[in-house]
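J.: According to the numbering used here, the stretch in the sequence shown is residues 4 to 137, in order.
For every residue, glycine included, the Cβ atom is placed at its ideal position computed from N, Cα and C.
Predicted model, so just to flag it, every value in this text is computed and none were measured.
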Amino acid sequence: MLPKSKRLSKKKDFAKLGVHGRSSYGPHMTMRVCKVRFDEPRVAFITSTKVMKKAVDRNRAKRRMREIIRRLWEDIPKNVYLVFVLQATVKDIPNDDLVTEVRHLLEKVPLTLLKPARLSPRARKNRAKRAIRV
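The following block contains the structure:
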């Protein structure tokens, strides 16, 4: 299991990814990456109830992903925050295919960081709410 010290958990970290992050896409997941000043990378996994209805499926998918990231920890570049947004197909694919996809997405991190930052849909929505209040 991936230790808690290597996981993203604070709301401000997710907000930073929403505003300054860049996305990279795979067939079964989306990876959002953001460069930070800290040496140690941090990772989070997101699945929504719209995508996977059963909590058992969501939790199993996240456990599988945490184990894969734990094994591939040395391949993750330093100074980054990563968020993997999982799709429903993650629960049905074999573990080897999942490892291959994660490895492929991790190889794309340096190129992804060169892209211009785009707001995530949630960050766009929150920015619009703040503009209305002011």
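Taking only three categories from DSSP, how would you classify I79?
T.: Secondary structure of I79 (DSSP, three-state): coil.
J.: Going straight from the alpha carbon of V83 to that of M34, what length do you get?
T.: 12 Å
J.: Taking Cβ to Cβ, would you say L108 is nearer than 8 Å to G24?
T.: Contact flag unset, no.
J.: Which stretch, first to last residue, makes up the beta strand (DSSP E) that contains T52?
T.: First-last for T52: undefined, no H or E at that position.
J.: If you run the structure through DSSP and keep just helix, strand and coil, what is L85?
T.: strand
J.: Starting from the C-beta of V22, find all residues in its chain whose C-beta is less than 7 Å away, skip the five residues before and the five after it, and write them out in chain order.
T.: L122 and A126
J.: Take I71 and list the residues in its own chain whose beta-carbon comes closer than 7 Å to its own, dropping the five residues that flank it on each side.
T.: L101, V102 and V105
J.: My output table needs one value for M1: the three-state DSSP class, helix, strand or coil.
T.: Only positions 4 to 137 of the chain appear in this structure, which leaves residue 1 out of reach.
J.: Tell me, to the nearest whole angstrom, how far the beta carbon of T92 is from that of S27; I am working on the premise that it is less than 8 Å.
T.: Wrong, their Cβ atoms sit about 17 Å apart, outside the cutoff.
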